[in-house]
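**Q** I have a structure here, written as structure tokens, and I will follow up with some questions on it.
Protein chains: 2
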Amino acid sequence: MSLRPELTHASVPLIEEVAVLDEQGRERPAWLPGERPLTVYLDKRELVTLMTLGGAPEHLVLGYLRNQRLVESIEQIASVQVDWETESVAVTTRSGVDRIEERTARRVVTTGCGQGTVFGSLMDEVDTIALPPDARLDQETLYAIVDTIRLQQSVYKQAGSVHGCALFRGSELLTFVEDVGRHNAVDAIAGWMWLEDMSGADKIFYTTGRLTSEMVIKGAQMGIPFLLSRSGVTQMGYQMAKRVGMTLFARCTGKHFLLYTGRERFRHTPTEALVPAV
Amino acid sequence: MSLRPELTHASVPLIEEVAVLDEQGRERPAWLPGERPLTVYLDKRELVTLMTLGGAPEHLVLGYLRNQRLVESIEQIASVQVDWETESVAVTTRSGVDRIEERTARRVVTTGCGQGTVFGSLMDEVDTIALPPDARLDQETLYAIVDTIRLQQSVYKQAGSVHGCALFRGSELLTFVEDVGRHNAVDAIAGWMWLEDMSGADKIFYTTGRLTSEMVIKGAQMGIPFLLSRSGVTQMGYQMAKRVGMTLFARCTGKHFLLYTGRERFRHTPTEALVPAV
Numbered sequence: 001m002s003l004r005p006e007l008t009h010a011s012v013p014l015i016e017e018v019a020v021l022d023e024q025g026r027e028r029p030a031w032l033p034g035e036r037p038l039t040v041y042l043d044k045r046e047l048v049t050l051m052t053l054g055g056a057p058e059h060l061v062l063g064y065l066r067n068q069r070l071v072e073s074i075e076q077i078a079s080v081q082v083d084w085e086t087e088s089v090a091v092t093t094r095s096g097v098d099r100i101e102e103r104t105a106r107r108v109v110t111t112g113c114g115q116g117t118v119f120g121s122l123m124d125e126v127d128t129i130a131l132p133p134d135a136r137l138d139q140e141t142l143y144a145i146v147d148t149i150r151l152q153q154s155v156y157k158q159a160g161s162v163h164g165c166a167l168f169r170g171s172e173l174l175t176f177v178e179d180v181g182r183h184n185a186v187d188a189i190a191g192w193m194w195l196e197d198m199s200g201a202d203k204i205f206y207t208t209g210r211l212t213s214e215m216v217i218k219g220a221q222m223g224i225p226f227l228l229s230r231s232g233v234t235q236m237g238y239q240m241a242k243r244v245g246m247t248l249f250a251r252c253t254g255k256h257f258l259l260y261t262g263r264e265r266f267r268h269t270p271t272e273a274l275v276p277a278v
Numbered sequence: 001m002s003l004r005p006e007l008t009h010a011s012v013p014l015i016e017e018v019a020v021l022d023e024q025g026r027e028r029p030a031w032l033p034g035e036r037p038l039t040v041y042l043d044k045r046e047l048v049t050l051m052t053l054g055g056a057p058e059h060l061v062l063g064y065l066r067n068q069r070l071v072e073s074i075e076q077i078a079s080v081q082v083d084w085e086t087e088s089v090a091v092t093t094r095s096g097v098d099r100i101e102e103r104t105a106r107r108v109v110t111t112g113c114g115q116g117t118v119f120g121s122l123m124d125e126v127d128t129i130a131l132p133p134d135a136r137l138d139q140e141t142l143y144a145i146v147d148t149i150r151l152q153q154s155v156y157k158q159a160g161s162v163h164g165c166a167l168f169r170g171s172e173l174l175t176f177v178e179d180v181g182r183h184n185a186v187d188a189i190a191g192w193m194w195l196e197d198m199s200g201a202d203k204i205f206y207t208t209g210r211l212t213s214e215m216v217i218k219g220a221q222m223g224i225p226f227l228l229s230r231s232g233v234t235q236m237g238y239q240m241a242k243r244v245g246m247t248l249f250a251r252c253t254g255k256h257f258l259l260y261t262g263r264e265r266f267r268h269t270p271t272e273a274l275v276p277a278v
């Protein structure tokens with residue numbers, strides 16, 4: 001049996017109610033999603049402060065460390081202890097992290113939700129990624145995925161201002177995570193997959209956030225061949241997807257979508273042949 | 001006459017057209033906003049790589065340096081040379097930057113569009129900010145601002161997937177900037193204001209992006225008492241706004257808005273008294 005880290009299950013309220021004035025001058029309630037600083041200490045060394053909704057802090061930290069390539073194997077991690085009172089999380093490794101200075105030296109500030117990533121070395125790594133060419137997704141499954149998200153209970157429905165990400169196996173929802181930053185939501189899923197030693201090859205990733213270069217790179221690092229978004233795609237998101245051979249769908253709402261790259265994995269169904277969603 | 005830096009006026013195409021498949025299996029054009037890496041060198045020292053649409057790279061870099069508190073005065077900057085061929089920008093100061101190691105040591109990863117900021121020292125600074133208590137905004141002006149944005153030519157209208165920010169004096173639009181990351185759009189405006197030695201005290205800032213802690217902090221650093229967004233507010237954005245005494249409006253579309261903090265600066269007008277927008 002492989003070594004699992006010890007994790008806290010720290011939780012905080014995710015939504016706060018406040019009083020606001022509307023355009024009629026009337027006082028009304030409004031709901032705000034949480035946005036909390038979480039300072040990450042790796043073997044007592046302060047690394048970064050992540051701003052997060054707070055719904056999955058242990059998985060977020062694991063995913064951050066994984067996606068930043070700061071720790072290679074989950075087995076290196078002895079414990080992840082989140083303490084909301086001090087707004088900090090202590091990550092302890094079993095035998096230290098090599099070259100931590102070097103690994104944290106170069107920063108890349110991306111478009112999105114707050115994470116500097118080591119751009120140059122990421123690009124090198126990106127070219128070694130091979131996503132499964134034989135993975136297939138059909139239109140009925142895509143619609144089932146979009147509909148599942150639509151029906152999902154969420155902080156977003158009450159408070160707005162958060163992004164949601166989800167991992168599917170076919171039309172089966174495996175996990176759904178929200179965060180103020182879409183990259184943090186992705187990292188929390190990556191952390192969970194890492195912990196559970198879960199492959200991305202037979203999975204589909206859905207996000208409400210835009211498909212920028214960083215989103216595509218993270219999906220590729222997670223080994224997932226399908227990325228679906230409710231939003232749009234940037235030029236570099238598109239180029240990265242071509243480069244890693246990923247299948248990208250954007251503008252996914254209801255029965256609409258646009259397929260940008262990796263068309264060979266998609267099984268289009270003529271509309272009249274589609275069984276209406278139950 | 002004060003010293004102005006020498007700036008390039010480097011430009012790149014902002015929109016790319018690609019071919020996609022829609023849900024009917026039909027091939028159609030789609031437009032992508034640019035997302036380009038721009039590596040910032042400060043006195044030949046590599047600082048960070050910013051991912052940007054590319055519309056205002058010189059102002060973006062200036063604003064980044066300003067908002068990160070890496071350079072105190074615009075007069076310290078001799079030149080900003082953007083070179084899209086090498087995807088880099090060389091910033092040269094007149095006499096070096098003190099304690100550059102220390103200033104770039106601590107990173108904070110925020111929710112938003114890609115920038116680590118030095119959280120702890122930011123919080124210290126935040127408490128020294130005093131926004132003008134006597135600034136006033138009336139409802140008619142707010143509506144004129146929202147309408148001006150609605151009518152604005154933009155990359156967003158064609159390609160989506162970008163955020164827009166604008167600076168107003170009353171209902172007069174002074175500048176409008178789009179970027180893939182909302183924080184980069186803010187920084188480009190901050191850079192322009194810094195260059196032009198423009199005070200924020202009599203200005204209004206509009207953004208399509210969410211009002212998170214970092215957005216509010218940047219607005220406060222820019223000395224602007226009014227922040228308007230088409231989107232929502234997070235818990236920490238709200239708390240920060242209270243802390244710095246900023247007036248926050250969110251969910252601004254058409255005639256609707258919600259006023260969260262700093263109500264004393266707002267002049268509500270009963271709807272029947274409002275002159276219809278011309």
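Protein chains in written order, with UniProt numbering: chain A, 1 to 278; chain B, 1 to 278.
For glycine and all other residues, C-beta sits at the position ideal for the given N, C-alpha and C.
Look up P29 of chain B in the DSSP assignment and give the residues it is bridged to.
**A** Start at 1 with the first residue of the second sequence, and residue 29 of chain B comes out as number 29. Bridge partners of P29 of chain B: B:A19.
**Q** Rounding to the nearest angstrom, what Cα-Cα distance links P133 of chain B and F226 of chain A in this structure?
**A** Translated into positions along the second sequence, residue 133 of chain B becomes position 133. Translated into positions along the first sequence, residue 226 of chain A becomes position 226. Approximately 51 Å between the Cα atoms of the pair.
**Q** Run through chain A and tell me which residues come within less than 7 Å of Y238 of chain B, C-beta to C-beta.
**A** On the second sequence, residue 238 of chain B is found 238 positions in, with the first residue counted as 1. Under the 7 Å cutoff, chain A gives V18 and L32.
**Q** Looking at C-beta atoms only, is the number of pairs between the segment 211-221 of chain A and the segment 233-241 of chain A that lie closer than 8 Å three or more?
**A** yes
**Q** Would you say E35 of chain B reaches chain A, if we count a Cβ-Cβ gap shorter than 9 Å as a contact?
**A** Walking along the second sequence from the start, residue 35 of chain B turns up at place 35. For E35 of chain B, the answer is yes, since a Cβ of chain A falls inside 9 Å of its Cβ.
**Q** Taking buried to mean at least 16 other C-beta atoms within 10 Å of its own C-beta, is R182 of chain A buried or exposed?
**A** To locate residue 182 of chain A, count along the first sequence from 1; it is residue 182. That one is buried.
**Q** Since I believe L258 of chain B is in contact with A30 of chain A (beta carbons under 8 Å), could you give me their beta-carbon distance rounded to a whole number of angstroms?
**A** Locating residue 30 of chain A in the first sequence gives position 30, where the first residue counts as 1. Locating residue 258 of chain B in the second sequence gives position 258, where the first residue counts as 1. With a Cβ gap of about 6 Å, A30 of chain A and L258 of chain B count as contacting.
**Q** Please work out which residues of its chain come closer than 8 Å, Cβ to Cβ, to R267 of chain A, disregarding the five sequence neighbours upstream and downstream, and give them in chain order.
**A** Position 267 of the first sequence, counted from the start, is the residue given in the question as residue 267 of chain A. Same-chain partners within the cutoff: R136, L137, D138 and Q139.
**Q** Determine the DSSP secondary structure at S229 of chain B, reduced to helix, strand or coil.
**A** Taking the second sequence and counting its residues from 1, the one referred to as residue 229 of chain B is at position 229. Strand.
**Q** Which full runs of the beta strand (DSSP E) of 3+ residues lie inside the segment 33-100 of chain B, going along the chain?
**A** List check, beta strand (DSSP E) in window: 36-42, 45-52, 77-83 and 88-93.
**Q** Going along chain B in order, which residues have a C-beta closer than 8 Å to the C-beta of Y260 of chain A?
**A** Position 260 of the first sequence, counted from the start, is the residue given in the question as residue 260 of chain A. Ordered by position in chain B, the residues that pass the 8 Å Cβ test against Y260 of chain A are V18, V20 and A30.
**Q** Please confirm if E101 of chain A has its CB atom under 9 Å from at least one CB of chain B.
**A** Locating residue 101 of chain A in the first sequence gives position 101, where the first residue counts as 1. The beta-carbon of E101 of chain A is placed no less than 9 Å from the nearest beta-carbon of chain B.
**Q** Does the segment 157-172 of chain A come into contact with the segment 3-16 of chain B, if we say contact requires no fewer than three beta-carbon pairs (one atom in each stretch) closer than 8 Å?
**A** no
**Q** Is it buried or exposed for L3 of chain A, if we count other Cβ within 10 angstroms and need 16 for buried?
**A** Here residue 3 of chain A corresponds to residue number 3 of the first sequence, with the count starting at 1. Its Cβ having fewer than 16 others within 10 Å, L3 of chain A is exposed.
**Q** Count Cβ pairs between the segment 32-42 of chain A and the segment 80-87 of chain A that sit closer than 8 Å; are there 3 or more?
**A** yes
**Q** For R265 of chain A, report the span of its alpha helix (DSSP H) as first-last.
**A** Residue 265 of chain A sits at position 265 when you count from the first residue of the first sequence. From DSSP, R265 of chain A is part of no alpha helix (DSSP H); its letter is neither H nor E.
**Q** So, do the segment 66-78 of chain B and the segment 51-58 of chain B have three or more beta carbon pairs nearer to each other than 8 Å?
**A** no
**Q** Along the chain, where does the alpha helix (DSSP H) that runs through H163 of chain B open and close?
**A** Residue mapping note: residue 163 of chain B aligns to position 163 of the second sequence, counting from 1. That residue, H163 of chain B, is in no alpha helix (DSSP H); its beta strand (DSSP E) goes H163 to R169.
**Q** Please determine, among B:L32, B:G237 and B:G191, the residue with the shortest C-alpha to C-alpha distance to N67 of chain B.
**A** Your numbering for residue 67 of chain B matches position 67 in the second sequence. With distances taken between Cα atoms, N67 of chain B lies closest to B:G191.
**Q** Any idea if L167 of chain B is buried or exposed, counting beta-carbon neighbours within 10 angstroms, 16 or more meaning buried?
**A** Numbered from 1 along the second sequence, position 167 holds the residue referred to as residue 167 of chain B. Buried: at least 16 other Cβ atoms inside 10 Å.
**Q** Can you tell me whether A241 of chain A is helix, strand or coil according to DSSP?
**A** Reading the first sequence from its first residue, position 241 is the one you call residue 241 of chain A. DSSP places A241 of chain A in helix when its eight states are reduced to three.
**Q** Contact defined as beta carbons within less than 8 Å: I believe V97 of chain A pairs with V71 of chain A. What is the distance between those atoms, to the nearest angstrom?
**A** For this step, residue 97 of chain A is matched to residue 97 along the first sequence. For this step, residue 71 of chain A is matched to residue 71 along the first sequence. Contact holds; Cβ gap of about 6 Å.
**Q** How big is the Cα-Cα spacing for T247 of chain A and L131 of chain A?
**A** Looking up residue 247 of chain A in the first sequence gives position 247. Looking up residue 131 of chain A in the first sequence gives position 131. Their Cα atoms are separated by approximately 10 Å.
**Q** By alpha-carbon positions, which one of B:S95, B:V155, B:R243 and B:M198 ends up nearest to G34 of chain B?
**A** Start at 1 with the first residue of the second sequence, and residue 34 of chain B comes out as number 34. Of B:S95, B:V155, B:R243 and B:M198, the residue nearest in Cα terms is B:V155.
**Q** Determine the DSSP secondary structure at E196 of chain B, reduced to helix, strand or coil.
**A** Within the second sequence, residue 196 of chain B is the residue found at index 196, counting from 1. E196 of chain B: coil per DSSP, three-state reduction.
**Q** Hey, could you find the ends of the alpha helix (DSSP H) L151 of chain A is sitting in?
**A** Along the first sequence, one-based indexing puts residue 151 of chain A at 151. Residue range Q139 to L151 is occupied by the alpha helix (DSSP H) that includes L151 of chain A.
**Q** Taking I204 of chain A as part of the beta strand (DSSP E), name the residues at either end of that continuous run.
**A** In the first sequence, residue 204 of chain A corresponds to position 204, counting from 1. It spans I204 to T207 - the beta strand (DSSP E) in which I204 of chain A sits, taken as one unbroken run.
**Q** Terminal residues of the continuous beta strand (DSSP E) containing V177 of chain A?
**A** Counted from its first residue, the first sequence places residue 177 of chain A at position 177. According to the DSSP assignment, V177 of chain A belongs to the beta strand (DSSP E) that extends over E172 to D179.
**Q** So that I know if they touch, is there some Cβ in chain B lying closer than 9 Å to that of F205 of chain A?
**A** Within the first sequence, the letter at position 205 stands for residue 205 of chain A. Output row for F205 of chain A: interface = no.
**Q** Kindly indicate which residue of B:A10, B:T8 and B:M240 has the alpha-carbon position closest to the one of V126 of chain B.
**A** If you number the second sequence from 1, residue 126 of chain B lands on position 126. Ranking the options by Cα distance to V126 of chain B, first place goes to B:M240.
**Q** Could you check whether the Cβ of Q152 of chain B sits closer than 8 Å to any heavy atom belonging to the ligand ADP?
**A** Here there are no bound small molecules, and the ligand ADP is not part of this structure.
**Q** Let's test the definition: count the other Cβ atoms within 10 Å of the Cβ of A19 of chain A and tell me whether it reaches 16, buried, or not, exposed.
**A** As a working mapping, residue 19 of chain A is identified with position 19 in the first sequence. It is exposed - the Cβ of A19 of chain A has fewer than 16 other Cβ atoms within 10 Å.
**Q** Pull up the distance between the alpha-carbon of G223 of chain A and that of A220 of chain B, whole angstroms please.
**A** By one-based count along the first sequence, residue 223 of chain A stands at place 223. By one-based count along the second sequence, residue 220 of chain B stands at place 220. About 41 Å.
**Q** Alpha carbons only, please: which of A:V91, A:L42, A:G25 and A:T175 is nearest the one belonging to K203 of chain A?
**A** Taking the first residue of the first sequence as 1, we reach residue 203 of chain A at position 203. When only C-alpha atoms are compared, the closest one is A:T175.
**Q** Where does H256 of chain A fall in DSSP's three states?
**A** Along the first sequence, read from residue 1 onward, the residue named residue 256 of chain A stands at position 256. Per DSSP, reduced to three states, the secondary structure at H256 of chain A is strand.
**Q** Short check: CB of H256 of chain A to CB of E27 of chain B, under 9 Å?
**A** For the purposes of this step, residue 256 of chain A is taken as the residue at position 256 of the first sequence. For the purposes of this step, residue 27 of chain B is taken as the residue at position 27 of the second sequence. No.
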